[in-house]
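The working numbering applies: residue 5 is where the sequence shown begins, and numbers increase by one. Where is the CB? At the ideal position from N, CA and C, for every residue including glycine. Predicted model only: the values in this text are computed from it and were never measured.
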Amino acid sequence: MESFPPMSADFPAGPALSDAEAAFLQVPEAERCRAHLKYLTSLPHVAGTPGDYETAEYVLNQFKSFGLDAVIQNETVLLTAPVEAASAKLYSADGTTLVYAAALSEDLLDPTADTPYRNHSFLGYSPTGSAAGPLVYVNYGSTEDFEYLVAQGVNLTGAIAIARYGSIFRGLKALNAQTHGMAGLIIYSDPSDDGYAQGQLYPNGPWRPESGIQRGSVVFNSLCGGDPGRGVDKCGIPLEDLIPSIPVLPMGYGDAVQFLSHIVGAPAPASWQGALPFQYNIGPGAFARIATNNTQYTTDIWNVVAYINGTDPVEGEDYVILGNHRDAWVYGAVDPNSGTAALLEIARAYGVLLQGGWQPKRGLVLTSWDGEEYGLLGSTAFGERFADDLILHAVAYLNIDTAVMGPQLWVTLVPSLLTHFRQTAALVKDPVTGNPLSVEWDGSYDIMGSGSDYTVFLDALGVASGDLLFGGAYGVYHSVFDSFNWMETQGDPTFQYHEACAQIFGLVGLRLADARILPFNYTEYAYAISTFYLPQVQQLATDAKLPVDFTALTNAAQQFASGASKIMSRVEQAYNNPNYNVVDLNSRLFLAERQFTDPNGIINRKWFKHTVFAPDRENGYDASSFPGIVDMIRTGNATLAQQAITSAATALSNVGTFLSY
Ligand SMILES: [Zn+2]
């Protein structure tokens with residue numbers, strides 16, 4: 005993931021803490037975060053299962069006990085679940101002699117992780133099927149990896165791919181494998197990525213033990229967000245083109261070592277070598293049979309939503325959303341329920357303020373999403389259901405998925421929110437060093453791709469979004485070992501970082517709700533576009549030797565920059581003049597993000613409307629800036645690339661005009 009520096013190491017101090025803010029910071033408690041996490045991780049709660057419903061009721065009852073109006077909102081979606089365990093068997097090259105049958109089961113290493121789910125090694129939206137063929141190692145299974153294999157003349161048709169996790173979203177590995185005529189796919193966790201090459205293995209350390217399996221969804225997430233089965237009118241792409249047609253299964257490296265060590269053929273390039281103790285070969289060589297037996301079914305999932313009404317006669321209709329998903333692949337202590345624990349402490353703190361007479365200027369909406377793990381199902385359903393209202397009134401969408409895996413603050417956001425996050429970080433202390441978080445965090449940030457619930461808000465609706473977490477050494481992602489015991493022995497034994505997360509994230513929301521002048525900074529946005537995003541996409545076109553003309557976009561970027569400096573000078577006037585009418589100013593400050601969208605969407609993936617940010621089509625996790633242009637440069641079609649430039653230029657120029665009033 006590429007990270008960008010802020011415009012300046014310094015940033016202007018924000019307003020001093022208000023009484024409500026100072027009171028807010030006193031409320032979150034580490035011990036209460038611990039208790040929430042303990043409950044939430046006491047049972048597996050995969051989306052749509054009874055355990056998931058229990059956690060929904062828990063969150064609902066907690067919200068209500070804090071004095072908030074809260075409801076469960078059902079959404080009907082398409083899910084998959086294993087009917088019986090998948091199998092993967094290795095044979096001699098002629099396919100006659102069984103060499104090894106994979107266990108596909110996670111060991112009992114943890115007293116808080118004893119559940120039949122440790123045998124649920126499956127991937128969401130993998131079809132039921134079986135495949136047999138020679139085994140080919142495809143590295144990460146990325147576009148470039150397959151280009152290399154094709155260039156080497158490796159016969160992929162009818163073969164079984166074995167890909168390591170990492171680099172790109174797992175669903176896109178499946179898409180690439182099936183596009184190249186492969187019959188099935190094994191995705192395994194290489195110890196180079198999150199196992200022993202990184203450090204001590206769980207339970208002695210934070211990294212993935214050999215039986216640890218990374219579950220996950222294999223939906224083609226960069227083509228559309230949300231339930232892939234909800235109908236072609238939403239995505240413009242039918243279900244069968246959004247999920248794999250070949251069986252796909254996940255594997256730990258305790259099993260994968262057998263499969264990989266038996267592959268013969270040409271040695272894999274140096275950059276393809278993992279940390280298992282032998283030379284990785286490409287194959288084809290050994291012979292494999294894999295089978296999956298999954299059921300595809302329609303069911304309800306449960307978003308839990310709490311509302312705090314705004315009280316300003318005009319701006320009270322606007323609201324700030326704070327969201328976290330609740331569903332997990334098994335227990336989800338880190339991903340996502342560290343975030344749920346923090347969100348519940350934020351809800352309690354807001355409740356305490358309300359009881360003390362606090363009247364927030366704008367509304368606050370707290371959301372516990374369901375079905376995120378399958379493909380952002382709950383948040384996307386909410387975003388589409390309430391699109392009209394969100395477009396008019398959502399000031400910002402703030403996301404915490406994983407909240408705590410360690411001590412380092414990591415921030416992902418649209419640049420207009422960067423100053424606000426830094427100013428807020430200056431008001432919250434790192435629990436270990438005692439420094440303000442703005443000292444621990446240098447202000448660098450990632451841009452928003454996909455992989456969490458902000459996607460519908462930013463990419464489809466144009467709502468300014470931000471996400472934060474405390475990062476660290478974390479090797480048990482989507483395994484049974486992402487458990488309460490992992491958190492208590494590795495990630496955050498004192499739960500102080502949970503408390504700090506509730507403080508900073510809750511304060512980011514509270515400030516946006518109460519601000520007299522919304523703390524958006526468009527100068528930072530304009531700087532990022534002209535300094536990073538625009539030169540990058542121009543370089544990509546140059547490298548591709550594609551004859552396209554960027555004049556319209558460079559002009560539009562200047563228009564945007566000039567609009568940005570105009571509105572920021574109005575912001576300054578308003579700060580200095582208590583009688584300044586801020587209503588129009590505020591609405592422009594938050595509605596400007598909408599103007600980045602093109603109603604027609606990005607070419608060939610029209611669900612994505614934002615012209616500056618979307619998940620990279622070939623990566624799925626990382627963001628592309630100017631994604632429509634990047635997509636069309638990669639196809640080599642200059643006419644369509646020019647069309648995408650026009651679309652982005654129109655949007656940027658619209659934002660510039662909108663900010664210049
Ligand atoms: Zn998550």
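Q) Between VAL484 and VAL334, is the Cβ-Cβ spacing less than 9 Å? A) Here residue 484 corresponds to residue number 480 of the sequence shown, with the count starting at 1. Here residue 334 corresponds to residue number 330 of the sequence shown, with the count starting at 1. Yes, the pair counts as a contact, with Cβ atoms nearer than the cut-off.
(Q) Taking its Cβ as the centre, do 16 or more other Cβ atoms sit within 10 Å of GLN2, making it buried, or is it exposed? (A) In this structure the chain extends from 5 to 665, so residue 2 is not present and cannot be described.
Q: Would you mind giving the Cβ-Cβ distance between ALA407 and PHE474, rounded to the nearest angstrom? I have them listed as a contact below 8 Å.
A: Taking the first residue of the sequence shown as position 1, residue 407 is located at position 403. Taking the first residue of the sequence shown as position 1, residue 474 is located at position 470. About 7 Å separates the two Cβ atoms, so the contact holds.
(Q) Closer than 8 Å to a non-hydrogen atom of ligand 1 - does that hold for the CB of GLU597? (A) Counting from one through the sequence shown, the residue named residue 597 turns up at place 593. No.
Q.
In whole angstroms, give me the CA-to-CA distance for HIS482 and ASN623.
A. Taking the sequence shown and counting its residues from 1, the one referred to as residue 482 is at position 478. Taking the sequence shown and counting its residues from 1, the one referred to as residue 623 is at position 619. If I take the Cα positions, the gap works out to 19 Å.
Q) Is the shortest distance between the beta-carbon of PHE509 and the beta-carbons of chain C less than 9 Å? A) Among the chains in the structure shown there is no chain C, since it carries only a single protein chain.
Q. Ligand 1 heavy atoms versus the CB of GLY336: any closer than 8 Å?
A. Working through the sequence shown from its first residue, we reach residue 336 at position 332. For ligand 1, at least one heavy atom lies less than 8 Å from the Cβ of GLY336.
Q) According to DSSP, what are the bridge partners of THR302? A) Position 298 of the sequence shown, counted from the first residue, corresponds to residue 302. LEU82, per the DSSP bridge assignment.
Q. Who does GLU353 pair with in a DSSP beta bridge?
A. Residue numbering aside, residue 353 sits at position 349 when the sequence shown is read from its first letter. For the sequence presented, residue 353 should be read as Ala rather than Glu. Partner(s): none; ALA353 has no beta bridge.
Q. In the region 620-647, which residue ranges form an unbroken beta strand (DSSP E) of at least 3 residues, counting only runs that do not cross its ends?
A. 627-629
Q: Verify whether the separation of the beta carbon atoms of VAL399 and LEU253 is less than 9 Å.
A: By one-based count along the sequence shown, residue 399 stands at place 395. By one-based count along the sequence shown, residue 253 stands at place 249. In this structure, LEU253 does not lie closer than 9 Å to VAL399 by Cβ.
Q.
Could you compute how far the alpha carbon of HIS502 sits from the alpha carbon of ALA642?
A. Position 498 of the sequence shown holds residue 502. Position 638 of the sequence shown holds residue 642. Rounded to the nearest angstrom, the two C-alpha atoms are 49 Å apart.
Q. Nearest to ILE404 by alpha carbon, out of GLN427, ASN439 and VAL338?
A. The sequence position of residue 404 within the sequence shown is 400, counting from 1. The shortest Cα separation from ILE404 among GLN427, ASN439 and VAL338 belongs to VAL338.
Q. What did DSSP end up calling ASN439 once you bin it into helix, strand or coil?
A. Here residue 439 is taken as the residue at index 435 of the sequence shown, counted from 1. In the structure shown, ASN439 sits in coil (DSSP, three-state: anything other than H, G, I, E or B).
Q) Straight-line CA distance for GLU6 to SER534? A) Along the sequence shown, one-based indexing puts residue 6 at 2. Along the sequence shown, one-based indexing puts residue 534 at 530. One C-alpha to the other measures close to 17 Å.
Q) Is the CB-CB distance between GLY600 and ILE350 below 9 Å? A) Start at 1 with the first residue of the sequence shown, and residue 600 comes out as number 596. Start at 1 with the first residue of the sequence shown, and residue 350 comes out as number 346. In the sequence as presented, Gly is not what sits at residue 600; that position holds Phe. In this structure, ILE350 does not lie closer than 9 Å to PHE600 by Cβ.
Q: Starting from the Cα of SER22, find the closest Cα among ILE606, LEU595, TRP611 and ARG520 and give me that residue.
A: Indexing the sequence shown from 1 puts residue 22 at position 18. That would be ARG520, whose Cα lies nearest to the Cα of SER22.
Q | Residues near GLN363 in its chain [Cβ-Cβ closer than 8 Å; skip 5 each side] | A | Numbered from 1 along the sequence shown, position 359 holds the residue referred to as residue 363. For GLN363, where only same-chain residues beyond five positions count, the Cβ hits under 8 Å are THR315.
Q | For PRO120, three-class secondary structure by DSSP | A | Indexing the sequence shown from 1 puts residue 120 at position 116. Of the three classes helix, strand and coil, the one that applies to PRO120 here is helix, per DSSP.
Q. What are the boundary residues of the alpha helix (DSSP H) that PRO54 is part of?
A. As a first step, residue 54 is located in the sequence shown; it is residue number 50 there, counting from the start. 54-69 is the extent of the alpha helix (DSSP H) around PRO54.
Q) Less than 8 Å between the CB of ASP198 and some heavy atom of ligand 1, yes or no? A) In the sequence shown, residue 198 corresponds to position 194, counting from 1. False, no ligand heavy atom lies under 8 Å from that Cβ.
**Q.** Beta carbon shell of ligand 1 at less than 7 Å from a heavy atom
**A.** HIS329, ASP339, PRO340, GLU376, GLU377, ASP405, THR406 and SER456
Q: Just list the beta strand (DSSP E) runs in the region 304-387, keeping only unbroken ones of 3 residues or longer that don't cross its boundaries, in chain order.
A: 323-329 and 367-373
Q) Assuming VAL223 and LEU246 make a contact with CB atoms under 8 Å, what is their CB distance in whole Å? A) Start at 1 with the first residue of the sequence shown, and residue 223 comes out as number 219. Start at 1 with the first residue of the sequence shown, and residue 246 comes out as number 242. 6 Å between Cβ atoms; contact.
Q) For ALA568, which residues of its own chain have a beta-carbon under 7 Å away from its beta-carbon, when the five flanking residues on both sides are left out? A) Working through the sequence shown from its first residue, we reach residue 568 at position 564. So the list reads TYR526, THR527, TYR529, ALA530 and LEU663, once near-sequence residues are dropped.
Q. Between which two residues does the beta strand (DSSP E) carrying ASP114 extend?
A. Position 110 of the sequence shown holds residue 114. From DSSP, ASP114 is part of no beta strand (DSSP E); its letter is neither H nor E.
Q) Leaving out the 5 sequence neighbours to the left and right, which residues in its chain are closer than 7 Å to ALA578 when beta-carbon positions are compared? A) As a first step, residue 578 must be located in the sequence shown, where it is residue number 574. Cβ neighbours of ALA578 beyond the five flanking positions: ILE521, TYR584, VAL586 and LEU589.
Q) Apart from the five residues just before and just after SER226, which ones in its own chain have a Cβ nearer than 6 Å to its Cβ? A) Taking the sequence shown and counting its residues from 1, one reaches residue 226 at position 222. Excluding positions up to five away in sequence, the list reads PRO619, ARG621 and GLY624.
Q: Taking ALA477 and TRP211 to be in contact with their CB atoms under 8 Å, please state how far apart those CB atoms are, rounded to whole angstroms.
A: If you number the sequence shown from 1, residue 477 lands on position 473. If you number the sequence shown from 1, residue 211 lands on position 207. About 7 Å; that satisfies the 8 Å criterion.
Q | Among LEU47, PRO271 and TYR301, the one whose alpha carbon lies nearest that of PRO288 | A | Taking the first residue of the sequence shown as position 1, residue 288 is located at position 284. Measuring from the Cα of PRO288, the nearest candidate turns out to be PRO271.
Q: Counting only the same chain and skipping the five closest in sequence on each side, list residues whose C-beta sits under 6 Å from that of LEU593.
A: For the purposes of this step, residue 593 is identified with residue 589 of the sequence shown, where counting begins at 1. Excluding positions up to five away in sequence, the list reads LEU522 and PHE524.
**Q.** Counted within 10 angstroms of its Cβ, other Cβ atoms place LEU96 as buried (16 or more) or exposed
**A.** As a first step, residue 96 is located in the sequence shown; it is residue number 92 there, counting from the start. Per the sequence shown, residue 96 should be read as Ser rather than Leu. Classification of SER96: exposed, given that the 10 Å Cβ count is below 16.
Q: For GLU376, count neighbouring C-beta atoms within 10 Å of its own C-beta (all shown protein chains included) and say buried if the count is 16 or more, exposed if not.
A: As a first step, residue 376 must be located in the sequence shown, where it is residue number 372. When all chains shown are included, GLU376 counts as buried.
Q. How long is the line joining the alpha carbons of PHE8 and PHE564, rounded to whole angstroms?
A. Along the sequence shown, one-based indexing puts residue 8 at 4. Along the sequence shown, one-based indexing puts residue 564 at 560. Rounded to the nearest angstrom, the two C-alpha atoms are 20 Å apart.
Q. So is THR498 buried or exposed if we call it buried at 16+ other beta carbons inside 10 Å?
A. Mapped onto the sequence shown, residue 498 falls at position 494. By the neighbour-count rule (16 or more Cβ atoms within 10 Å), THR498 is not buried but exposed.
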